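Notes to accompany the following structure.
Residue numbers (the working numbering): 28 to 199.
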């Protein structure tokens, strides 16, 4: 259970879960989560990072209260900590069919890059594409649950493969 907290891979999710779902009682959350992980034989074998996200996602999905918000925050944490062209299938997908075209339009827009992503201005669109990911989430800028999907642009460090920044509502 400490792995989830100590690695910071679900920082936003844990904050929300302990504050909102467990009314600030982190001990109750960790105790219940440890029991869930024990049921899943989590402590017997090593797990891939994706499986760790799946387990906390399944744990939250068992609860009726606030599971949409928590699920979206787990997805956000996944995107912040894992540079990947694909998000695991267990997460809800709100991406429009033309998402790739939207992304290419953004990374080719020099004015947008200079204004919002100046660190990428010296890179070609092809190089930029390797460092960014566009994902639609049911979250607002302040990470509260949104009524409709919001476009988030994640910018990754090429070495750590973690997001160094993200922009929400990039098409406004």
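For every residue, glycine included, the Cβ atom is placed at its ideal position computed from N, Cα and C.
None of the values given here were measured: they were computed from a predicted structure.
Using alpha carbons as the reference points, say which of the options lies closest to residue i.
{"i": "residue 97", "options": "143, 41, 58", "result": "41"}
{"i": "residue 186", "options": "109, 61, 74, 31", "result": "109"}
{"i": "residue 179", "options": "64, 143, 116", "result": "143"}
{"i": "residue 197", "options": "130, 53, 62, 57", "result": "130"}
{"i": "residue 170", "options": "43, 32, 29", "result": "43"}
{"i": "residue 157", "options": "181, 174, 177, 163", "result": "181"}
{"i": "residue 153", "options": "162, 126, 57, 135", "result": "135"}
{"i": "residue 111", "options": "188, 48, 123", "result": "188"}
{"i": "residue 79", "options": "60, 91, 90, 95", "result": "60"}
{"i": "residue 107", "options": "122, 87, 159, 126", "result": "159"}
{"i": "residue 30", "options": "51, 74, 50", "result": "74"}
{"i": "residue 91", "options": "49, 183, 137, 193", "result": "49"}
{"i": "residue 63", "options": "124, 87, 53, 121", "result": "87"}
By a C-beta neighbour count over all protein chains shown, 10 Å radius and 16 as the cutoff for buried, is residue i buried or exposed?
{"i": "residue 113", "result": "exposed"}
{"i": "residue 76", "result": "exposed"}
{"i": "residue 72", "result": "exposed"}
{"i": "residue 173", "result": "buried"}
{"i": "residue 85", "result": "exposed"}
{"i": "residue 104", "result": "buried"}
{"i": "residue 56", "result": "buried"}
{"i": "residue 46", "result": "exposed"}
{"i": "residue 155", "result": "buried"}
Thinking C-beta only, is residue j closer than 7 Å to residue i?
{"i": "residue 140", "j": "residue 149", "result": "no"}
{"i": "residue 168", "j": "residue 190", "result": "no"}
{"i": "residue 165", "j": "residue 99", "result": "yes"}
{"i": "residue 117", "j": "residue 81", "result": "yes"}
{"i": "residue 176", "j": "residue 163", "result": "yes"}
{"i": "residue 83", "j": "residue 37", "result": "yes"}
In the DSSP assignment, find the unbroken beta strand (DSSP E) run with residue i in it and report its ends.
{"i": "residue 219", "result": "Residue 219 falls outside the range modelled here, since the chain spans only 28 to 199, and no answer is possible."}
Tell me the residue span of the alpha helix (DSSP H) that contains residue i.
{"i": "residue 76", "result": "76 to 88"}
{"i": "residue 45", "result": "It is not in any alpha helix (DSSP H) - residue 45 carries neither H nor E in the DSSP assignment."}
{"i": "residue 32", "result": "29 to 34"}
{"i": "residue 57", "result": "53 to 66"}
Give, in chain order, every unbroken run of the alpha helix (DSSP H) that is at least 4 residues long and sits entirely within the region 123 to 185.
Segments of the alpha helix (DSSP H) lying fully in the region 123 to 185: 126 to 135, 137 to 143, 152 to 158.
Which residue spans inside the region 92 to 116 form an unbroken alpha helix (DSSP H) run of at least 4?
As far as the region 92 to 116 is concerned, its whole alpha helix (DSSP H) runs of at least 4 residues are 94 to 108.
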